[in-house]
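Structure first, commentary second.
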DNA sequence: GCCAACGTTGGC
DNA sequence: GCCAACGTTGGC
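Numbering (UniProt numbering), first residue to last: 1 to 156.
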């Protein structure tokens, strides 16, 4: 089974890579995703051990902060059943959940954070989904080439 | 806070 | 199935 590579966005004011690191077992359920494409990646394609770039969005300096891995494969996102949750979805039920999530485990925080504006300068990353105009998808596939370049040449 | 780009909803 | 209206994302 070949390992796949992903990028997951998070707003550091809400949940940062440091928050992930300080969780019990350094693991967190990636709940609250309410986009079908992103859901399908989690439900159908993300496998245990796949590697994830953790991206900080909607903050002063957006960019890639470090690495996590898939710790638990697809299971229903319970927040869609919870009427008190802001992620509650009336069209979901326990019998027929609409939303799924994976759990991710902290692996590494880069010593040097990789800001978006520096990623944009990299010719080798010009095709990266993250850097395409209008790209808003919160969970994206990353190629092995991109992943290796980012983790081995840009980050330490 | 602005706004472009994208996704979803719902009337027809 | 089309598409206008609306809501959200996310960089700047």
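Glycine included, every Cβ here is placed at the ideal spot set by N, Cα and C.
For the pair of segments examined, the segment 52-69 was found not to touch the segment 81-96: the number of CB pairs separated by less than 8 Å stays below three. Secondary structure note for residue 38: its alpha helix (DSSP H) is the uninterrupted segment 36-40. A Cβ-Cβ separation of about 6 Å places residue 77 in contact with residue 100 under the 8 Å criterion. Between residue 9 and residue 109, the CB-CB gap reaches or exceeds 8 Å. Its Cα nearest to that of residue 16, the residue 67 stands out among 44, 37, 5 and 67. A straight-line Cα-Cα distance of about 14 Å links residue 93 and residue 85. If only complete runs of 4 or more residues are kept, the UniProt domain "EVE" (4-152) shows the alpha helix (DSSP H) at 17-22, 36-40, 116-119 and 144-148, in order along the chain.
Taking the C-beta atoms as reference points, residue 102 is found nearer than 8 Å to residue 74. By the criterion of a C-beta distance shorter than 6 Å, residue 97 is surrounded in its chain by 76, once the five residues flanking it on both sides are discounted.
Taking the Cβ atoms as the reference, residue 26 lies roughly 4 Å from residue 106, within the contact range of under 8 Å. Sixteen is the threshold: when 16 or more other Cβ atoms of the shown chains lie within 10 Å of the Cβ of residue 79, as they do, the residue is buried. For residue 44, the closest C-alpha among the options 19, 28 and 72 is that of 72.
Straight across, the Cα-Cα distance linking residue 156 with residue 83 is about 43 Å.
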